[in-house]
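**Q** Okay, handing you the structure first.
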Amino acid sequence: MVGLMSNRPQSAKAFRLGRLAGITFSVLVAAAAHAGEPYTPDRADQVVARLPDFEGQGVEALRVRYRQQPADRETTLSLAARYLEHALKSGDARGFGAAEATLTKLLAMRPNDAALHWQLATALRGQHQFGRALQSLDTALSLQPDNAQMWLDRASLLALVGDYQRAEQSCRPVVLNMPALVGSTCMAMAKAGGRSPQSNYQKLLHDFDQYRQHASADVQAWVLTVLADLAERAGQPERAVNHLRSAVSVHPEDRFAVLALATALLRQDRYSEMQLLIGSPASEQSTDISLQIRQLAASGRTFDHHRLNESLASWYQRSQMRGPLADRTAVEYLYWIKGDVQQAAVVAERNFAKQKAAEDVWLAAATAHAAGDQQRLERVRQWMVSVDYEDARIDDLSNQAGGAQ
Amino acid sequence: MKTWAFSLLFLVGAVLAVPATAHQASDSYLRLAFDDQSQLQVRWDIAIRDLQPVLAFDRDNNGLVTWQELQEQAPGLIEYAQSRLGLRTDRSCRLEHQSLQVVEHSDGGYVVLNMLGTECAASDNVEIGYSALFDIDTSHRGLVEFRHQQNQYTAVMSPNERWQSVGVAQGWWASFVQFVREGVWHVWIGFDHILFLLTLLLPCLIGRDAGVEQSAKYAIARILGVVTAFTVAHSVTLGLAVTGMVNLPAALVEISIALSVTVVAINNLVPIITKRHWLLAGIFGLIHGFGFAGAMSDLDLSGVSLVSALAGFNIGVELGQAAIVLVFVPLVWGLRNSWFYQVGMVRFGSVAVALVGMVWAVERFAAVA
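Which chain is which? The protein sequence lines are W and U, in order.
Under this note's numbering, the residues of the first sequence are numbered 8 to 412, in order.
Under this note's numbering, the residues of the second sequence are numbered 7 to 375, in order.
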């Protein structure tokens with residue numbers, strides 16, 4: 008029987024003080040709720056932690072050397088490079104922070120070392136500190152202006168933040184001094200604003216066909232992912248999938264290509280192909296959040312994901328508390344897993360304000376559209392017009408929204 | 007130099023392909039709470055993998071850390087923890103190691119350091135000095151939770167914020183905003199407050215009273231009178247009660263609030279006070295103020311915390327009720343001359359409200375009887 012009761016507390020004591028904390032500080036509660044209870048292992052040989060693979064690959068020896076000789080440049084650069092490589096390969100952010108910490112100490116002693124500044128830029132970029140990363144790159148380039156790889160890195164960073172004009176300027180030394188395919192791909196990224204995706208795609212595809220035999224597997228995979236982005240923006244999703252399949256095929260360890268392919272398949276609701284590619288939550292024990300999100304999205308409702316859902320919810324709360332380090336991933340979580348389109352649109356716009364890769368622009372528009380938020384969608388459109396950026400998918404969304412009105 | 011430079015081309019390529027990626031970040035969890043003996047209980051969960059560069063647990067280099075390997079490094083671990091964490095209330099706390107455990111978080115195994123903070127008095131805020139792992143990972147963060155008197159306070163320790171105070175004195179503005187929100191919420195979940203206010207407003211809105219036309223200006227003035235009197239009255243008693251100057255038994259307050267709902271409803275049916283509804287709002291507003299105060303009595307606030315909490319909560323209450331009035335009045339404004347409003351809403355509605363108030367009063371009485 009439903010009683011006729013006020014839901015007001017029955018006494019002063021009953022005031023929900025816990026909620027005071029709950030509103031603002033639910034973050035930690037959620038994180039703590041996910042964790043198990045502390046325990047004391049019964050056996051001495053019980054495994055209590057697994058270290059990342061790279062720990063067993065000589066990195067400890069490098070650390071020992073680094074601790075003994077913190078001013079040794081080669082040791083510092085090697086250790087930082089190991090951290091960066093691990094972070095980029097696995098998506099483990101700890102590597103970026105570790106690289107920054109390693110480099111910063113030596114930079115205090117060697118402020119005019121271009122290589123240190125360059126690696127620091129990569130570490131900062133990985134932590135989404137794009138402004139600081141650009142500063143480090145500029146410092147590095149002022150010390151070593153003829154380093155074409157640095158210019159390539161600078162161009163990609165500027166393209167990422169949507170500064171296409173300066174990105175194009177940075178590509179010029181790349182075009183002049185690096186293999187033709189690298190220069191061509193640099194320009195294709197920089198021309199994301201100003202050149203139609205279709206003509207950009209055709210040009211890069213032509214160059215790729217012409218020069219691919221001279222390119223290493225990792226460079227081929229990179230070019231193929233850029234081609235896939237352009238194909239998506241030109242409204243050719245099937246071509247995008249094919250390019251990404253080729254990228255995974257030429258460089259199977261390229262985690263970025265694998266994730267991009269999974270994303271492209273997800274956009275077309277090709278869940279079984281996704282599962283073949285990335286496995287299911289039941290088969291994989293990954294701690295890679297991007298992978299987990301895609302696995303969960305791929306398996307839909309066919310599997311009890313309670314534990315993974317809890318784990319992702321905990322990660323999301325934690326990431327929001329730490330700050331917008333992984334906003335794109337947070338958008339993916341909100342949009343694909345939680346179905347919270349309103350919040351996804353908010354976070355997507357915040358992410359879009361910082362970075363403007365094709366996927367960021369698309370997510371900002373798609374979530375705004377899904378949330379029925381025309382103002383947010385319009386802001387994306389205005390930016391596109393201001394930098395002459397085209398995306399057929401977003402045009403479709405705007406047309407749908409216009410049609411609905 | 008060439009070697010690493012060219013290896014970076016791979017890195018650059020990878021970054022170019024997908025610039026944003028999902029990350030497992032390095033976090034530790036530091037939980038603080040005073041126990042019944044006013045001693046500071048400290049639980050600190052740190053990822054074992056994060057400590058590996060500092061303490062090199064994995065002696066056999068097989069990528070696995072066993073309980074034995076962890077225990078072998080326990081002295082170093084405890085020393086490290088004690089050197090990287092400082093806690094202070096009235097004076098610095100001495101951190102005594104209690105026990106070592108492990109726990110599984112979503113991203114792997116964590117060591118749990120249970121410690122006791124001694125030589126410092128219990129307080130409603132704790133100053134934290136935190137420098138663990140920052141020198142080996144700038145992205146590391148310490149997520150702090152301080153539980154105190156049924157409240158939770160948190161802070162995020164970072165390389166740029168190695169010293170922070172967490173607790174009631176966590177900054178008056180944060181506290182103020184929190185209490186504004188609480189005030190709004192308290193009104194919105196308090197059906198008795200809402201019902202009391204709306205029941206009082208019902209007759210103020212009637213367009214024709216005993217055959218006399220009431221202007222819109224007059225109706226709005228009456229509404230403002232009721233809202234203002236209610237606000238002033240409950241602000242007074244809220245302040246008196248929270249500062250401890252006047253205390254009434256909570257049960258008595260709750261029952262009185264329920265009865266106040268019934269009284270104003272009956273006054274709509276058999277008017278004793280016909281014009282001065284603000285008087286009713288003022289008198290019973292005093293009682294409702296004690297009800298609001300009950301919500302804050304357990305917080306044991308003082309000084310700046312008290313002022314910001316009180317001001318914030320009060321403003322929150324006002325905002326909450328203003329929102330209700332601003333929704334309700336426009337909704338019924340067009341109906342105020344109709345039979346539906348004057349008979350259906352005012353009279354039948356008041357009968358229903360009077361009954362609800364009586365049921366609440368009985369329920370609350372039964373709860374303490």
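C-beta: ideal position from N, C-alpha, C; glycine also.
Computed from a predicted model, the values in this text were never measured in an experiment.
(1) For threonine 144/U, does the three-state DSSP call read helix, strand or coil?
(2) How big is the Cα-Cα spacing for valine 54/W and asparagine 68/U?
(3) Which residue marks the beginning of the beta strand (DSSP E) containing valine 118/U, and which one marks its end?
(4) With 7 Å as the C-beta to C-beta threshold (strictly closer), list the residues of the region 109–137 of chain U near chain W in chain order.
(5) Between the alpha carbons of lysine 361/W and glutamate 324/U, how many angstroms are there, rounded?
(6) Tell me whether serine 266/U sits in a helix, a strand or coil according to DSSP, three-state version.
(7) Measuring straight from C-alpha to C-alpha, what distance separates leucine 303/W and arginine 55/U?
(8) When the distance is taken between beta carbons, is leucine 284/W closer than 7 Å to alanine 267/W?
(9) Express the C-alpha separation of serine 297/W and glutamine 172/W in angstroms, rounding to a whole number.
(10) Between Phe185/U, Gly115/U, Arg282/U, which has its C-alpha nearest glycine 322/U's C-alpha?
(11) Of all Cβ atoms in chain W, is any one closer than 7 Å to the Cβ of alanine 31/U?
(12) Which first and last residues belong to the beta strand (DSSP E) in which glycine 135/U is found?
(13) Measure the alpha-carbon distance for aspartate 216/W versus leucine 273/W and round it to whole angstroms.
(14) What in chain U is Cβ-close to threonine 47/W, meaning under 9 Å?
(15) Going by beta carbon distance, what residues of the same chain come within less than 7 Å of leucine 86/W, once the five residues before and after it are set aside?
(16) Note down, in chain order, each residue of its chain lying with its Cβ closer than 6 Å to the Cβ of glutamate 133/U, except the 5 sequence neighbours on either side.
(17) According to the Cβ coordinates, are alanine 128/W and leucine 144/W closer than 7 Å?
(18) If the cut is a Cβ gap below 7 Å, which residues of chain W does isoleucine 54/U touch?
(19) So arginine 72/W is in the beta strand (DSSP E); what residue range does that whole segment cover?
(20) Taking Cβ-Cβ distances shorter than 7 Å, what residues in chain B pair up with proline 59/W?
(21) Would you kindly report the start and end of the unbroken beta strand (DSSP E) that includes tyrosine 159/U?
(22) Would you identify the three-state DSSP class for valine 109/U, choosing helix, strand or coil?
(23) When the Cα atoms are used, what is the spatial distance from alanine 28/W to methionine 251/U?
(24) Whose CA, out of Asp64/U, Gln155/U, Thr237/U, Glu125/U, lies closest to the CA of phenylalanine 202/U?
(25) So which of Trp50/U, Leu361/U, Asp113/U has the shortest CA-CA distance to aspartate 295/W?
(26) Sort out for me which residues DSSP pairs leucine 51/U with in a bridge.
(27) Can a CB atom of chain W be found closer than 7 Å to the CB of threonine 144/U?
(28) Is glycine 200/W helix, strand or coil when you go by DSSP?
(29) Could you name the residues of chain U that aspartate 52/W contacts, counting a contact when the two beta carbons are closer than 9 Å?
(30) Quick check on this structure: which residue in Ala320/W, Ala365/W, Glu366/W has the alpha carbon closest to the alpha carbon of glycine 346/W?
(31) Tell me which residues share the same chain as arginine 308/W and place their Cβ nearer than 8 Å to its Cβ, disregarding the 5 neighbours each side in the sequence.
(32) Quick one: which residues of the region 315–333 of chain W get their C-beta closer than 9 Å to a C-beta of chain U? List them in chain order.
(33) Compare the C-beta of aspartate 96/U with all C-beta atoms of chain W and state if any pair is closer than 7 Å.
(34) Which class does glutamine 176/W belong to by DSSP, given the choice of helix, strand or coil?
(35) Taking the continuous beta strand (DSSP E) assigned at leucine 94/U, which residues delimit it?
(36) Counting only C-beta atoms, is glycine 43/W closer than 7 Å to chain U at any point?
**A** Looking at the coordinates:
(1) coil
(2) 11 Å
(3) 114–124
(4) Val109, Glu110, His111, Ser112, Asp113, Gly114, Gly115, Val118
(5) 38 Å
(6) helix
(7) 26 Å
(8) no
(9) 31 Å
(10) Phe185/U
(11) yes
(12) 131–136
(13) 28 Å
(14) Trp73, Ser105, Leu106, Gln107, Val108
(15) Leu69, Arg70, Tyr73, Thr109
(16) Arg94, Ser171
(17) yes
(18) Val55, Ala56
(19) Run containing arginine 72/W: none in the beta strand (DSSP E); it sits in the alpha helix (DSSP H), 66–75.
(20) Here the protein chains are W and U, and chain B is not one of them.
(21) 157–163
(22) strand
(23) Low per-residue confidence applies at alanine 28/W: pLDDT is 34, beneath 50, and the placement is therefore not dependable enough to give any value.
(24) Measuring from the Cα of phenylalanine 202/U, the nearest candidate turns out to be Thr237/U.
(25) Nearest C-alpha to aspartate 295/W: Asp113/U.
(26) Reading off the sequence, residue 51/U comes out as aspartate, not leucine. Answer is Tyr35/U, Val118/U, bridged to aspartate 51/U.
(27) yes
(28) strand
(29) Thr72, Trp73, Gln74
(30) Considering only Ala320/W, Ala365/W, Glu366/W, the residue with the shortest C-alpha distance to glycine 346/W is Ala320/W.
(31) Any answer about arginine 308/W is weak, because its pLDDT of 48 lies below 50 and its placement is not dependable; what the coordinates show is given next. Taken in chain order, the list of residues that qualify is empty.
(32) Glu317, Ser318, Leu319, Ser321, Trp322, Arg325, Ser326, Met328, Arg329, Gly330, Leu332, Ala333
(33) no
(34) helix
(35) It should be pointed out that residue 94/U corresponds to arginine in this sequence rather than to leucine. 91–94 is the extent of the beta strand (DSSP E) around arginine 94/U.
(36) Yes, its Cβ sits closer than 7 Å to a Cβ of chain U.
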